[in-house]
Every structure is written in structure tokens, then in C-alpha cells.
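Before any comments, here is the structure.
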Amino acid sequence: MSETLLDKAKQNYEVANTLFQSLANDDEAYLNYVGYHLQQAVEIAIKYELSIHAVPYQKTDDITHLIQLANQNGVDLNLPEYIDDHSEMFTLWESRTRYIINYRLEKRKIERALEEV
5 MSETLLDKAK QNYEVANTLF QSLANDDEAY LNYVGYHLQQ AVEIAIKYEL
55 SIHAVPYQKT DDITHLIQLA NQNGVDLNLP EYIDDHSEMF TLWESRTRYI
105 INYRLEKRKI ERALEEV
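Each residue of the sequence shown is one higher than the last, beginning at 5 in the working numbering.
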């Protein structure tokens with residue numbers, strides 16, 4: 005059985021959850037890795053939905069853009085309202101958590117995102 009984008013999205017969520025459960029209390033720097041994998045889970049899940057509906061998309065990490073593309077093409081993403089309302093926040097997690105020195109995500113935002121993703 006071949007792997008799908010949905011499988012990749014689920015794997016990213018599981019990595020995020022595992023990191024959070026095992027490491028986040030030890031060092032808040034790990035919250036950035038949790039946030040990155042949550043962002044990847046959301047992005048890749050949306051790309052999966054676009055691909056199964058034959059909607060082409062450019063290489064992008066912009067979740068807001070991907071949601072708009074789905075809406076324009078009649079693809080029902082069935083997203084939780086939280087993700088739709090915070091799509092820009094999730095998008096920023098992709099680069100800020102990796103490239104900005106001393107940038108830290110807030111634990112409460114990670115906890116909420118883990119519930120919603």
C-alpha cells in the first residue's frame with residue numbers, strides 16, 4: 005500500500021503530540037518543534053484534500069492561501085473553525101519556529117492547536 009499525503013499529515017501530528025507529551029515540560033524550546041509539525045500536519049492535510057479533488061496547487065506553505073484555493077474550487081475541507089480562524093498563525097509557525105533565533109511558541113497555543121488539529 006502506498007503512502008498518501010494524509011498519511012504524512014497524520015504522521016506529523018503524531019510526532020507533534022509525542023514531542024509535546026515527552027519533552028515540552030523539560031524545555032520550552034521543544035514547543036517550536038511541536039508547532040512546526042502541527043503546521044505541517046495542517047498544510048499537508050489540506051494538500052491531500054486538494055489533490056484528491058484534482059485541484060492543482062503551487063508549492064507553498066501558506067495555509068490561508070490553500071484554504072482559499074479549496075474554497076474557490078468547491079472543496080469542503082471540513083476544517084475546525086479554530087484552524088480556519090488561525091490559518092495565518094499556523095502558516096507563520098512553519099518558518100518562524102525554524103529560522104528566528106530565540107523565537108518561542110506559547111504553550112497554551114500549542115495545547116489548543118493539539119486539540120483542534
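For every residue, glycine included, the Cβ atom is placed at its ideal position computed from N, Cα and C.
All of these numbers come straight from a predicted model, not from anything done at the bench.
Residue from the options whose Cα sits closest to the Cα of residue i
| i | options | result |
| --- | --- | --- |
| A13 | R100, D80, Q43 | Q43 |
| A104 | Y37, N21, Q25 | Note on residue identity: the sequence assigns Ile, not Ala, to residue 104. Of the candidates Y37, N21, Q25, the one whose C-alpha sits nearest the C-alpha of I104 is Y37. |
| M93 | A49, Y34, I67, H41 | I67 |
| Y17 | M5, Y40, H57 | Y40 |
| V79 | I87, S55, D89 | S55 |
| D88 | E7, L10, L70 | L70 |
| E7 | L35, I48, Y34 | I48 |
Where the alpha helix (DSSP H) containing residue i begins and where it ends
| i | result |
| --- | --- |
| M5 | Here M5 belongs to no alpha helix (DSSP H), and DSSP marks it neither H nor E. |
| L118 | 111-120 |
| R102 | 91-103 |
Cβ-based burial, residue i [other Cβ within 10 Å; buried from 16]
| i | result |
| --- | --- |
| E85 | exposed |
| H90 | buried |
| A58 | exposed |
| T110 | The residue you asked about is not Thr; residue 110 is Glu in the sequence shown. That one is exposed. |
| K63 | exposed |
| E53 | buried |
At least 3 beta-carbon pairs within less than 8 Å: the region 91-99 vs the region 5-22: no
inquiry  = Ignoring anything shorter than 3 residues, give me the beta strand (DSSP E) runs that lie fully in the region 42-69, in order along the chain.
reply    = none
query: Which runs of the alpha helix (DSSP H) spanning at least 4 residues fall entirely within the region 11-40, listed in chain order?
result: none
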